[in-house]
Amino acid sequence: MATNVVMPQLGESVIEGTVGKWLKQVGDRVEQYEPMLEVITDKVTTEIPAPASGTLLQILIGEGATVKAGIVLAVIGAPGEEVTSAAAPSPATTAAPARASTTRLTPVVARMIAEHHITEAELATLRGTGEGGRITKKDLENFLKTRARPTQVPAWEQPGTGELFRPTEEVLQPVATPTRGAEEIIPLTPIRRTIAEHMLRSKQVAPHVTTVHEADMSRVLKFHHAHSAEFEKQGVKLTYTAYFVQAVVAALKAFPLVNASFTDEGIVVKREVNIGIAVATDEGLMVPVIKNADEKSLLGLARAINDLASRAREKRLRPEEVQGGTFTLTNYGVFGSLFGTPIIHQPQAAILGVGAIQKRAVVIDDMLAIRPMVYLALTFDHRLLDGAQGDQFVQKIKQFLEEYPL
Amino acid sequence: MAVLTNIEAITRTLQEEMRRNPDIFITGEDVGVRGGVFRATKGLYEEFGERRVVDSPLSESSIIGIGIGAALYGLRPVCEIQFADFIAPAFNQIVNEAARMRYRSTGDWTCPLIIRAPYGGGISGGLYHSQSVEATYAHVPGLYVVAPATPYDIVGMLRYAFRVDDPVLFLEHKKTYRLIKGEVPDEWYTVPFCKADIKRVGTDVTVITFGLMLHETLRAAEQVATEGISVEVVDPRTLSPLDKETILASVKKTSKVLIVYEDNLSFGWGAEVAALIASEAFEYLDAPVMRVAGPDVPAVPFARTLQDFFMPNAEKIARALRQLAAY
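Quick note, the sequences are listed as chains A and B, same order. Sequential numbering from 1 applies to the first sequence in my numbering. Sequential numbering from 1001 applies to the second sequence in my numbering.
Here it is in structure tokens:
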């Protein structure tokens, strides 16, 4: 008698899982409760024990495939046993539950599903006895009789009433106020509208996390003071931004995963290092891009930054000069800000915010010292990077700045 | 406890009521000396005389018109339409006069008139002796349309008809006259209008039907019960106004509905029942509401084979029941 290994529901709200790794292969002997495979849900990898002892006859869902809870993953049985059609269901990954998705629910079935809070996953386990596999009222009644879970729904899953539970868009409906005289409307410029849409979309698509580190700028400043006159002679005004770009390039080389984009197909790691520089203009924020920043010297970077920034302010940037960035730097320190939590420039993975360089009392070797310090705030897409990776990346920047070659 | 046929139930009740109330009189074609073509008034002419059992001319319009006039003068007329097929000439009297008498006189005048009409097919009556007319009259407010199908219900509802002050179209399926027998208690009782009766209790499918089709449905229910399909049969008895509560309660219980009537399918009485269910029990339905009814041909044909094709019967009903149960 063959036994199905099904995708378990690993938690109340977890309705699907990804097959991580098969710990057993077809033909292997498995003992009941012995780990058979790894299933990944959200962030957690769980070992799934065998539901029965026997031989692994068939693996239906391959590694990397995501299926709904209740879907048969594999079949265990006696060696050489015929896998019956009942035990081997559904075409691979596209979650084909017992219920044909094209079958409509009758009114009474739809109502009962809502009334009894029957989940999609539970529904998927039901085998309809009606015409064409339709789930009938009787199927549901039988299911409810044998339902494993108590029908009592926890308080937090019950729809609430009152102000608190109204949809936010309703609650936040702006109250119409008389505008005569007291207000004026500035029409949205195309750039303002683009900024607004981009900021909103970025916050919606990427879970933002900001980590703040502190760097000692002593060596950078020392170098700067020693060489800025020399740069000046070559017609280039050396700004601190150039050093930060240098540091970012070095860190991106060390952590290429930060130079990437998150997509549903996977993480796209970029080979080019193109650093966007946030520039405040009268019209609004512009982000011109230094292409192949990793191929430029400090002088070259400084020249590029000056050129792009001034042309941004003069509205003389070419379209391709604001495209193709793989990482963005925003130096709000020039306006006196100590640190901020910048919004990621989509579809990049992270953005570095640089605060004002300030002399601060710091403790070095148990002694108080006065050092030019700067806060480095990295906002990163938590879908793509974990906290540790983000911190290591900023630490690399810090290290670069603090160990700046003189 | 007496066992009566449907026709006996009618004759006895008319007799009983006429003995009780001298204001009751009967008029219609051949109701007197002949005792009616179906013998429904057999013996009444002999017992109550020609002033209370009055043979009428072959004029349905005048039969009903006389009835309305007598009712307005305080009598209790029973007008017999020999075959429901012939009721059309009286349509104006029934609809424009009797049914709206109370309404147009703001309740000052009522029209206590009983119109008995044998209806229905299956007796090789052909085009003019087989019709079902309930849909036309159920559409008319101010008129009770009743169609009891068993001796018990006939006795109880005919008694009740003598106790309401509005016109009643009392439909009697002519094929059930001698086909259907049943017990009638010796104790006096009535069956109030607008009260449906559950003729069979079941859980899987509700059938709503009346008249001869009630008996065909009960046979079909018996057949499919052996296949594990449990059928509940609701007999509304009063076709208009409907007992919505009983119908809806049964629909909510079984979630599947079959409506059976022998009239032409389209725009029939069952359409109203289906609409009621769709609007008031939508969220309880587990299958489309189905109907078994006569085909949309102009009349019940005479040829036996064609009549069989026209008439719904236990086999056709059982087929629909299986289809619904499987849905």
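Glycine included, C-beta positions come from ideal geometry on N, C-alpha and C. Owing to the predicted nature of the structure, the values given are computational and were not obtained by experimental measurement.
Sixteen is the threshold: since fewer than 16 other Cβ atoms of the shown chains lie within 10 Å of the Cβ of Glu-63/A, the residue is exposed. At the C-beta level, Val-1054/B and Gly-1032/B come within 8 Å of one another. Proximity of the stretch 1220 to 1238 of chain B to the stretch 1176 to 1188 of chain B falls short of the contact definition, fewer than three beta-carbon pairs being nearer than 8 Å. Using a Cβ-Cβ cut-off of 9 Å, Asp-1263/B is close to nothing in chain A; its nearest Cβ partner there is about 28 Å away. Contact of Glu-141/A with chain B by beta-carbon distance below 8 Å is absent, the smallest such distance being about 10 Å. Of all C-beta pairs linking the stretch 347 to 366 of chain A to the stretch 325 to 332 of chain A, three or more are shorter than 8 Å, placing the two stretches in contact. Taking 8 Å as the CB threshold, Lys-137/A lines the interface with chain B.
Counting C-beta atoms within 10 angstroms of its own C-beta, Val-374/A has 16 or more neighbours from the protein chains shown and is therefore classed as buried.
Of the other Cβ atoms in all chains shown, 16 or more fall within 10 Å of the Cβ of Arg-1291/B; this residue is therefore buried. Contact note: Arg-111/A reaches chain B through Glu-1283, using a C-beta cutoff of 7 Å and chain order.
Residue environment for His-1129/B: buried (at least 16 other C-beta atoms within 10 angstroms of its C-beta).
Any Cβ of chain B closer than 8 Å to the Cβ of Thr-210/A would place that residue at the interface, and such an atom is absent.
From the beta-carbon of Gly-130/A, the residues of chain B found nearer than 9 Å are Asp-1286, Ala-1287, Ala-1326 and Tyr-1327. Per DSSP, the continuous beta strand (DSSP E) segment holding Ile-76/A begins and ends at 72 to 77. The DSSP-derived three-state label of Phe-1309/B is helix. Three or more Cβ pairs drawn from the stretch 315 to 327 of chain A and the stretch 286 to 297 of chain A lie within less than 8 Å of each other, which places the two stretches in contact.
Residue Ile-1317/B holds the alpha-carbon nearest to the alpha-carbon of Arg-1219/B among His-1139/B, Ile-1317/B and Val-1273/B. Listed in chain order, the alpha helix (DSSP H) elements of length 4 or more contained wholly in the stretch 1163 to 1223 of chain B are 1176 to 1179. For Ser-1255/B, the chain A residues whose C-beta falls within less than 7 Å of its own C-beta are Val-108 and Lys-137, listed in chain order.
One alpha carbon belongs to Ala-1278/B, the other to Glu-1245/B, and they sit about 14 Å apart.
Beta-bridge partners of Val-67/A (DSSP): Gly-17/A. Three or more beta-carbon pairs drawn from the stretch 1146 to 1156 of chain B and the stretch 1190 to 1202 of chain B are found closer than 8 Å, and the two stretches are therefore classed as touching. With distances taken between CA atoms, Gln-32/A lies nearest to Ser-53/A out of Val-273/A, Val-209/A, Ser-53/A and Ser-202/A.
For the pair of segments examined, the stretch 361 to 377 of chain A was found to touch the stretch 203 to 222 of chain A: the number of CB pairs separated by less than 8 Å reaches three. Glu-1232/B is bridged by DSSP to Thr-1206/B. Just measuring C-alpha positions, the residue of Glu-34/A, Gln-234/A and Met-112/A sitting nearest Trp-22/A is Glu-34/A. Scanning the stretch 336 to 404 of chain A from its first residue to its last, the whole beta strand (DSSP E) runs of 3-plus residues come out as 350 to 354, 358 to 364 and 367 to 381. In terms of Cα proximity to Thr-194/A, the closest of Ala-69/A, Asp-386/A, Val-19/A and Gly-284/A is Gly-284/A. With respect to the 8 Å criterion, Phe-231/A and Leu-299/A are classified as neighbours on the basis of their beta carbons.
Apart from the 5 residues on each side of it in sequence, Phe-1267/B sits with its Cβ closer than 8 Å to the Cβ of Ala-1135 in its chain, given in chain order.
Glu-1232/B and Thr-1206/B do touch by the CB rule: their CB atoms are close to 5 Å apart, below 8 Å. Closest option to Leu-1127/B, judged by alpha-carbon separation, among Tyr-1327/B, Ala-1325/B, Leu-1324/B and Met-1311/B: Met-1311/B.
Contact between the stretch 1061 to 1074 of chain B and the stretch 1111 to 1120 of chain B is present, with at least three C-beta pairs closer than 8 Å. Taking the CA atoms as reference points, Asp-1243/B sits about 58 Å from Arg-201/A.
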